[in-house]
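A.B. asks: Here you go, one structure.
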Amino acid sequence: MLTDKELDNFIICKKCNTLHKKIPLHQGGKALCSKCNTFIYKRDNNMLEKSLALVVTALISLSVAFTFTIITININGLSKSLSLLSLFDVLLEHHQYIVGIMFLFLTVLFPFMMLSSMFFVLFFIKIEKYGYAIKRLLILLSHIQHWNMLDIFFISLLVAMVKLFDYAKIEFGVSFLALLLTLILELMVTKNINFDTLWQKYNNIYGEDNDR
Ligand SMILES: [Zn+2]
């Protein structure tokens, strides 16, 4: 039987399930599967710092997206400015409570929770402190990252606007750009962050028997 430590030296290709032994890479190097050529892991010494910078910027632009006007709709001289949070009020006014709560969770709470949990994980690993919190937050992240539906909301918003274009004048607000920026930054974070490396760093700092 292999111990956990020895198992850490192996990695499975996510596409074809071939088992590979990990080898040390040079900075910027990438390891590909020998069978199907799928990307398996890379070495990026600046992953932590880069991800931290991206997450902080994403948090700022998400806060901007929540604060200001997202679109202004003008129909026959009647104009209404909507912010992300006022959309929630509109849903409640029309007694769409379940949709309202879902909207609040999927497009406001989860994206915010995801980014702030990422920030604390990266920050705590950076300062090499609060191992227990790192572990809890990494587990939390694995659950909530699928529930962040900001991208779906953005696409629905675009579809709704295209439908309104015929009979309404629509102006984009600051929040619209901030939302777009947040989505791009989130994509960059997801591409840059490597959870295996984060777990490995956690193990290196706190040791395997420190997991309670
Ligand atoms: Zn493969």
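Counting from 1, position 183 in the sequence shown corresponds to residue 530 in the working numbering; the numbering is continuous, with no gaps.
No residue lacks a Cβ here, since even glycine has one placed at the ideal position from N, Cα and C.
As the structure is a computational prediction, the values presented were derived from the model and not from experiment.
Specify the secondary structure class of ILE540 as computed by DSSP and reduced to three states.
C.D. replies: Start at 1 with the first residue of the sequence shown, and residue 540 comes out as number 193. It is coil, neither helix nor strand.
A.B. asks: Quick check on ASN550: does DSSP put it in helix, strand or coil?
C.D. replies: Along the sequence shown, one-based indexing puts residue 550 at 203. ASN550 falls in the helix class under three-state DSSP.
A.B. asks: Considering Cα atoms alone, identify which of GLN443, LEU497, PHE457 is closest to HIS490.
C.D. replies: Here residue 490 corresponds to residue number 143 of the sequence shown, with the count starting at 1. Considering only alpha carbons, the answer is PHE457.
A.B. asks: In terms of residues, what are the limits of the alpha helix (DSSP H) holding LEU497?
C.D. replies: The residue labelled residue 497 in the question sits at position 150 within the sequence shown. Element bounds for LEU497: 497-511.
A.B. asks: I'd like the list of long-range same chain contacts for SER428, defined as Cβ closer than 6 Å, with 5 residues on each side in sequence excluded.
C.D. replies: The residue labelled residue 428 in the question sits at position 81 within the sequence shown. Hits under 6 Å: THR416, THR419.
A.B. asks: At a threshold of 6 Å, does LYS382 count as lining ligand 1 (C-beta to nearest heavy atom)?
C.D. replies: In the sequence shown, the residue the question calls residue 382 occupies position 35. Flag set: Cβ of LYS382 near ligand 1.
A.B. asks: Just grab the DSSP bridge partners of ILE420 for me.
C.D. replies: If you number the sequence shown from 1, residue 420 lands on position 73. Per DSSP, LYS427, ILE517.
A.B. asks: Beta carbon of THR529, beta carbon of ALA405: below 7 Å?
C.D. replies: Walking along the sequence shown from the start, residue 529 turns up at place 182. Walking along the sequence shown from the start, residue 405 turns up at place 58. Their beta carbons are under 7 Å apart, which means THR529 touches ALA405 by this criterion.
A.B. asks: Should the region 392-402 be regarded as contacting the region 463-483, the criterion being three or more beta carbon pairs within less than 8 Å?
C.D. replies: Touching, yes, given that three or more Cβ pairs across the two stretches are closer than 8 Å.
A.B. asks: Quick check: is any heavy atom of ligand 1 less than 6 Å from the C-beta of THR454?
C.D. replies: One-based indexing of the sequence shown puts residue 454 at position 107. Not under cutoff, so the answer is no.
A.B. asks: May I ask you to report which of helix, strand or coil DSSP gives LYS382?
C.D. replies: Within the sequence shown, the letter at position 35 stands for residue 382. It is coil, neither helix nor strand.
A.B. asks: Whole-angstrom Cβ separation of ILE322 and LEU511, contact assumed at under 8 Å?
C.D. replies: With the chain covering 348 to 559 only, the question about residue 322 has no answer from this structure.
A.B. asks: Between MET508 and the rest of its own chain, which residues show a CB-CB distance below 6 Å, the 5 nearest in sequence each way excluded?
C.D. replies: On the sequence shown, residue 508 is found 161 positions in, with the first residue counted as 1. Answer for MET508: ILE517, listed in chain order.
A.B. asks: Sorry if obvious, but does the Cβ on LYS482 come closer than 6 Å to a heavy atom of ligand 1?
C.D. replies: Working through the sequence shown from its first residue, we reach residue 482 at position 135. No - ligand 1 has no heavy atom lying nearer than 6 Å to the Cβ of LYS482.
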